[in-house]
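Working notes, structure below.
Residue numbers (our numbering): 3 to 253.
Given below as structure tokens:
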């Protein structure tokens, strides 16, 4: 199978919102604003657009307004930050409209004296509600500040996955040749593949591939061979094998 037509430069859109409660210091410490600025340093490098909801969600009405905002924005993932502890019912309106959510909690600014944020408790509360009452939602959790490995590594993996998932619809996959007799476990439904992932499967007979290989111009074969050699750290095959590979690429 070969994949083509996927938009590798598809701009992923991530919604970002903070949850809070008046008794804690998320507002006065500007937790959401500060972390949002740091988050943008990552997303700008990955051609990702951040769609931020500027105000903390503290009530059900706040959450309903934010839910409508994100629904209109057409986001690919909603990143919900537990900027501090929040009441559990605030998460319900967001769960109704989104199918991919990242739950994010942040460290305490200090581990002496009173808890300024209690972000971990708020995070556990809303994520457990999601797990119990929103079976249609795919979720993932994040911890830390953008710029720290604890946050950056799983977040970048998520960005890559989103790029792949959102780039698949309207892609085309060439199936070269058929299924080998008795390899029945490799059978699949092209109709289901298109229905579930939006991918169109185009069958190409092996004879057609060979014809295309023979029709590749010598100059093009030379260009592709040079590209292969330039990208390789070492070359362990002869020129005949390189030419065959180049012709297959050119086909």
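We put the beta carbon where it would ideally sit given N, CA and C, even for glycine.
Could you say which of 253, 104, 29, 15 lies nearest to residue 76 if we only look at CA atoms? Here residue 76 corresponds to residue number 74 of the chain shown, with the count starting at 1. Taking only the C-alpha atoms, the option nearest residue 76 is 15.
Is it buried or exposed for residue 55, if we count other Cβ within 10 angstroms and need 16 for buried? Taking the first residue of the chain shown as 1, we reach residue 55 at position 53. It counts as buried.
Considering only C-alpha positions, which residue in the set 203, 183, 153 is nearest to residue 173? Residue 173 sits at position 171 when you count from the first residue of the chain shown. Closest option to residue 173, Cα to Cα, is 203.
Does the stretch 125 to 140 come close enough to the stretch 157 to 168 that 3 or more CB-CB pairs lie under 8 Å? Segments in contact, no.
Taking residue 245 as the reference, which of 216, 42, 52, 40 has the closest Cα? As a first step, residue 245 must be located in the chain shown, where it is residue number 243. Residue 216 holds the alpha-carbon nearest to the alpha-carbon of residue 245 among 216, 42, 52, 40.
C-beta atoms of residue 176 and residue 85 nearer than 7 Å: For the purposes of this step, residue 176 is taken as residue 174 along the chain shown, with counting starting at 1. For the purposes of this step, residue 85 is taken as residue 83 along the chain shown, with counting starting at 1. No; because the gap between Cβ atoms is not below 7 Å, this pair is not in contact.
How about the stretch 92 to 108 and the stretch 141 to 151: do they share at least three Cβ pairs that are nearer than 8 Å? yes
In terms of DSSP beta bridges, what is residue 177 paired with? Numbered from 1 along the chain shown, position 175 holds the residue referred to as residue 177. Its beta-bridge partners are 205.
Coarse secondary structure for residue 3, derived from DSSP in three states: As a first step, residue 3 is located in the chain shown; it is residue number 1 there, counting from the start. A caution first: residue 3 carries a pLDDT of 41, below 50, which makes its placement in the model unreliable, though a value can still be read off. Here residue 3 sits in coil by DSSP.
Residue range of the beta strand (DSSP E) that includes residue 122: To locate residue 122, count along the chain shown from 1; it is residue 120. It is not in any beta strand (DSSP E) - residue 122 instead sits in the alpha helix (DSSP H) that spans 121 to 135.
Limits of the unbroken alpha helix (DSSP H) element including residue 1: Residue coverage of the chain in this structure runs from 3 to 253, which leaves residue 1 outside it and unanswerable.
Would you call residue 182 buried or exposed, if buried means 16 or more other Cβ atoms sit within 10 Å of its Cβ? For this step, residue 182 is matched to residue 180 along the chain shown. Under this definition residue 182 is an exposed residue.
Check residue 48 in the structure and name its three-state DSSP category. Within the chain shown, numbered from 1, the residue matching residue 48 stands at position 46. In the structure shown, residue 48 sits in a helix (DSSP, three-state: H, G or I).
Within 10 angstroms of the Cβ of residue 4, are there 16 or more other Cβ atoms? Answer buried if so, exposed if not. Your numbering for residue 4 matches position 2 in the chain shown. Caution applies to residue 4, whose pLDDT of 41 falls short of 50 and renders its modelled position unreliable; the value that the coordinates give is listed next. So residue 4 ends up on the exposed side.
With the cut-off set at 7 Å, would you say residue 59 and residue 21 are in Cβ contact? Along the chain shown, one-based indexing puts residue 59 at 57. Along the chain shown, one-based indexing puts residue 21 at 19. Yes, the pair counts as a contact, with Cβ atoms nearer than the cut-off.
Using 10 angstroms around the beta-carbon of residue 166, count the other beta-carbons present and answer buried if the total reaches 16, otherwise exposed. Position 164 of the chain shown, counted from the start, is the residue given in the question as residue 166. It counts as exposed.
Element boundaries [alpha helix (DSSP H), containing residue 162]: Reading the chain shown from its first residue, position 160 is the one you call residue 162. For residue 162, the enclosing alpha helix (DSSP H) has its first and last residue at 151 to 169.
Classify residue 29 as helix, strand or coil using the three-state DSSP reduction. For this step, residue 29 is matched to residue 27 along the chain shown. Per DSSP, reduced to three states, the secondary structure at residue 29 is coil, with no helix or strand assignment.
Identify, in the order they occur along the chain, each residue of the same chain with its Cβ nearer than 7 Å to the Cβ of residue 112, setting aside the five sequence neighbours on each side. Working through the chain shown from its first residue, we reach residue 112 at position 110. 118.
Find out if the Cβ-Cβ distance for the pair residue 33, residue 93 is shorter than 7 Å. Taking the chain shown and counting its residues from 1, one reaches residue 33 at position 31. Taking the chain shown and counting its residues from 1, one reaches residue 93 at position 91. Not closer than 7 Å, so no.
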